[in-house]
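So the structure is just underneath, and the comments pick up after that.
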Amino acid sequence: MGAIDALPSSEWIRCPGCAEPVYLRRLRRDLLICSACQYHLPLSVRERLDVLVDPGSFVADPDDLAPEDFLGFVDRMPYADRLARAQERTGRRDALVTGTATIEGVPVVLTLLDFAFLGGSMGSVVGEAFERAARQALEQARPLVMVTASGGARMQEGCTSLMQLAKTAQAIAVLRENGIPTINLNTNPTYGGATASFAMLGDVIVAEPGAMIGFAGKGVIANTIRQELPQGFQTAEFLLEHGMIDLIAPRAAQRATIGRLLKCLRPGSGPRLVAVPRVTPAIGGADAADVVALARHIDRPTVMDHLGQLCDDLVVLAGDRCFADDPALIGGVGRIGERGIVFLGHHKGHTTAELVAHNFGMPRPEGYRKAVRLMRLAERLGLPLVTIIDTPGAYPGIDAEERGQGTAIAEAIMTMSALRTPTVCVVTGEGGSGGALALGVADRVLMLANAYYSVISPEGCSTILFGSAASAGQAAAALALRAGDLLRLGIVDEIVPEPSGGAHIDPYAAASLVATRIGAALVALAGHDPQELVERRRARFSALGRFREVSSADGVGMNGEDGA
């Protein structure tokens, strides 16, 4: 019996979310979403398939696995009786439904946990059926889409049910190792063993609005440690704010959203070249102080302006999976023609409100940890990585230091240096110190003509070396931070021209110039052996630096003492 059929037979019900009366016919028409508060009532498996997959495309796997009461478990009733009642109510042998379908034309393998069957709990059959579905995804090279509504592990199967967490998690690990995309759609509720295994391990995690998602339920927390819980605790919105999921998709948008993700996550046939508008470009001959001013201009194109010209579609993903999302460093997946990419970039904005909201493009540790997560996603799926640098530097606040700013930056630098996938970086505005380099260890490093890239800001250098920020112009010149200087030093590979007067004069043209050079770089890097990419990239950065070899005959030892 489906969720709609289970509602009272009267024409009206009270919404579980707001307690307001809801007209049943309108509720059915609105996909079981309350029009007053947008509460998403539960769907049956059949109803979920109607919402999520292309009409008529779902082909169910055989329902040929039956659970056993191997412990003779009895609580308020024998486990065998519970199973019999659940089977009669749902018409299936256990809680997990699997099969194949298409979503927006993309073939997928699906798993769907039915909360109506013993709360969607994970027993031996769920673990086995899930592993078989994952194996099918591997054999058919299809993405795995997992829809979850679960209370957790099935207590009536004892510690054997706990082992299903390992079984399902290692099934995801095999898909990761073989570059098969995985997407979670977590619905209300998703708890316990599901969240401690496959439900939080997808390459992308999507949730329904208001869905309750967590490890320990509110009742368990209250009865175990008596801790007062904050407003909205464990809702999808709470998890998005705290970096645990990528995005929230209303029910009516889920097919389109997951379809877009699937198209962005596939390697495809390679990037296309981007058409460039007719402009009068200028390489730029401004002095260092003027370049710094142009790089900081509030109307200079942002990362989204550049990517909007490069990509046919973009989906921004959120969160570092352990603490928060950082709006100063955005990332996600995109599509250039039929080819998916992963992108990362510092984001500032064009207004005071946007600058404040994005912390002036200065990331905290969670921003760099999100970057590492997406770098690894690019490598797993064989997608090129495109990064856009535009930051004064990493955020220097107390909270950033408490959460390991230096470690987070170091991990990003090291991870990017070892990626077995093509990487292209563009310095489009400010390139401030390690906060910039965390996105800059690429196969090809491009730089806009009026951008700058430096070990420290001119003001910081002036303060340290001259005693105040008053000599920032002099420091800027001494730091050799302009594109031409860095091209001569071998730090950047190419200068991208800007419209005459600067990128802010014609942001569309500037972004198009950047897009076409990124496209050309991706075409040039396509098809290279992954290990060769890593070796060349490491050789490139190993070669940077100027020094001379000396011997003891030169008269000075390693410690600054006279040699003997």
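Numbered per the numbering used here, the sequence shown spans residues 36 to 599.
Virtual Cβ for every residue (Gly too), placed ideally from N, Cα, C.
Tell me whether the beta-carbon of Val462 lies closer than 9 Å to the beta-carbon of Ile433.
As a first step, residue 462 must be located in the sequence shown, where it is residue number 427. As a first step, residue 433 must be located in the sequence shown, where it is residue number 398. For Val462 and Ile433, no; Cβs fall outside 9 Å.
So what does DSSP say about Met482, is it helix, strand or coil?
Walking along the sequence shown from the start, residue 482 turns up at place 447. Here Met482 sits in strand by DSSP.
So, under 8 Å CB-CB, Ala359 and Glu401 are touching, yes? Tell me the CB distance rounded to an integer number of Å.
Along the sequence shown, one-based indexing puts residue 359 at 324. Along the sequence shown, one-based indexing puts residue 401 at 366. Ala359 to Glu401, Cβ: 5 Å. Contact.
Flag this pair as yes or no: are the beta carbons of Gly354 and Lys298 separated by less than 9 Å?
Numbered from its first residue, the sequence shown carries residue 354 at position 319. Numbered from its first residue, the sequence shown carries residue 298 at position 263. Gly354 places its beta carbon 9 Å or farther from that of Lys298.
For Arg331, does the three-state DSSP call read helix, strand or coil?
Residue mapping note: residue 331 aligns to position 296 of the sequence shown, counting from 1. Reduced to three states, the DSSP call for Arg331 is coil.
Can you tell me whether DSSP reads Asp340 as helix, strand or coil?
Residue numbering aside, residue 340 sits at position 305 when the sequence shown is read from its first letter. Helix, per DSSP.
Whole-angstrom distance between Leu364 and Met36, CA atom to CA atom
As a first step, residue 36 is located in the sequence shown; it is residue number 1 there, counting from the start. As a first step, residue 364 is located in the sequence shown; it is residue number 329 there, counting from the start. Only weak support is given to the placement of Met36: the predicted model assigns it a pLDDT of 35, under 50, and the value that follows is read from those uncertain coordinates. The straight-line gap from Cα to Cα measures roughly 46 Å.
Within the chosen definition, does the stretch 138 to 152 reach the stretch 119 to 129 through at least 3 CB pairs nearer than 8 Å?
yes
First and last residue of the alpha helix (DSSP H) that includes Met449?
Here residue 449 refers to the residue found at position 414 of the sequence shown. Note, Met449: alpha helix (DSSP H), 440 to 452.
Whole-angstrom C-beta distance between Leu67 and Thr75, which should lie under 8 Å:
Here the question's residue 75 lines up with position 40 in the sequence shown. Here the question's residue 67 lines up with position 32 in the sequence shown. Going by the sequence as given, residue 75 is His instead of Thr. Indeed, because the Cβ distance is near 7 Å, the residues count as touching under 8 Å.
Applying the 10 Å Cβ sphere with the 16-neighbour rule, what's the burial state of Ala291?
Looking up residue 291 in the sequence shown gives position 256. Exposed is the call here.
Give the secondary structure of Gly162 by DSSP, where H, G and I count as helix, E and B as strand, and everything else as coil.
What you label residue 162 is simply residue 127 of the sequence shown in a count that begins at 1. Note: Gly162 maps to helix in three-state DSSP.
My output table needs one value for Met279: the three-state DSSP class, helix, strand or coil.
Walking along the sequence shown from the start, residue 279 turns up at place 244. Per DSSP, reduced to three states, the secondary structure at Met279 is coil, with no helix or strand assignment.
Taking the C-alpha atoms as reference points, what is the distance between Ile376 and Gly254?
Locating residue 376 in the sequence shown gives position 341, where the first residue counts as 1. Locating residue 254 in the sequence shown gives position 219, where the first residue counts as 1. Straight-line Cα distance between these residues: approximately 42 Å.
CB contact below 9 Å: His563 versus chain B
Absent here is chain B; the protein component of the structure consists of one chain.
Identity of the residue in Phe250, Met482, Ile138, Ala101 nearest Val326 by Cα:
Along the sequence shown, read from residue 1 onward, the residue named residue 326 stands at position 291. If we check each option's Cα against that of Val326, Met482 comes out closest.
Which residues share a DSSP beta bridge with Pro431?
Working through the sequence shown from its first residue, we reach residue 431 at position 396. BP columns for Pro431 are empty, so no partner.
Got a sec? Which residues, its chain only, sit under 8 Å from Val57 by beta carbon, not counting five neighbours each side?
Here the question's residue 57 lines up with position 22 in the sequence shown. Around Val57: Trp47, Ile48, Arg49, Cys50, Cys69, Ser70, Ala71.
Under 9 Å between the Cβ atoms of Arg356 and Pro178?
Numbered from its first residue, the sequence shown carries residue 356 at position 321. Numbered from its first residue, the sequence shown carries residue 178 at position 143. Contact: no.
Local Cβ density within 10 Å of Ile260, reported as buried at 16 or more and exposed below that:
Position 225 of the sequence shown holds residue 260. Ile260 comes out exposed.
Could you name the residues of the same chain whose beta carbon sits closer than 7 Å to that of Leu84, not counting the 5 residues immediately before and after it, in chain order?
For the purposes of this step, residue 84 is taken as the residue at position 49 of the sequence shown. Once the five neighbours on either side are set aside, the close Cβ partners of Leu84 are Phe93.
Residue ranges of each alpha helix (DSSP H) within the stretch 176 to 256, 4 or longer
193 to 212
Note down the Cα distance separating Thr146 from Thr135, rounded to an integer number of angstroms.
On the sequence shown, residue 146 is found 111 positions in, with the first residue counted as 1. On the sequence shown, residue 135 is found 100 positions in, with the first residue counted as 1. Their backbone Cα atoms lie some 9 Å apart in a straight line.
Report yes if the CB atom of Ser196 is closer than 9 Å to the CB atom of Ser159, and no otherwise.
Position 161 of the sequence shown holds residue 196. Position 124 of the sequence shown holds residue 159. Yes, Cβ-Cβ distance for Ser196 and Ser159 is below 9 Å.
From Glu103, Leu274, Arg335, Val209, residue whose alpha carbon lies closest to that of Tyr226
By 1-based counting over the sequence shown, the position of residue 226 is 191. When each option's Cα is compared against that of Tyr226, the closest is Leu274.
Candidates Ala544, His332, Gly554: which alpha carbon is nearest Thr386's?
Numbered from its first residue, the sequence shown carries residue 386 at position 351. Nearest C-alpha to Thr386: His332.
Report the partner residues of Val421 according to the DSSP bridge assignment.
Taking the first residue of the sequence shown as 1, we reach residue 421 at position 386. Answer by DSSP bridge pairing, in chain order: Phe378, Val459.
Kindly identify the DSSP beta-bridge partner or partners of Gly366.
Taking the first residue of the sequence shown as position 1, residue 366 is located at position 331. Paired residue(s): Leu352, Leu379.
Three-state secondary structure (DSSP) of Leu605
The chain is shown only over 36 to 599; residue 605 falls outside these bounds and no answer can be derived.
Give me whichever residues DSSP pairs with Ala95 in a beta bridge.
Position 60 of the sequence shown, counted from the start, is the residue given in the question as residue 95. Ala95 is bridged to Gly134.
Rank Thr442, Gly466, Leu236, Asp110 by C-alpha distance to the C-alpha of Ala206 and give the top, closest one.
Residue 206 sits at position 171 when you count from the first residue of the sequence shown. Comparing Cα-Cα distances from Ala206 to each of Thr442, Gly466, Leu236, Asp110, the minimum goes to Leu236.
Look up Ser489 in the DSSP assignment and give the residues it is bridged to.
Position 454 of the sequence shown holds residue 489. Answer is Gly467, bridged to Ser489.
Name the residue from Leu514, Asp347, Ala486, Ala477 whose alpha carbon lies nearest to the alpha carbon of Glu494.
To locate residue 494, count along the sequence shown from 1; it is residue 459. Checking every option, the nearest Cα to that of Glu494 belongs to Leu514.
Start-end ranges of the alpha helix (DSSP H) lying completely within the stretch 502 to 567, minimum 4 residues:
507 to 513, 518 to 523, 542 to 560
CB of Pro419 within 9 Å of CB of Leu560, strictly:
Numbered from its first residue, the sequence shown carries residue 419 at position 384. Numbered from its first residue, the sequence shown carries residue 560 at position 525. Taking 9 Å as the Cβ cut-off, Pro419 and Leu560 qualify as a contacting pair.
What is the DSSP secondary structure of Leu76, reduced to helix, strand or coil?
By one-based count along the sequence shown, residue 76 stands at place 41. Reduced to three states, the DSSP call for Leu76 is coil.
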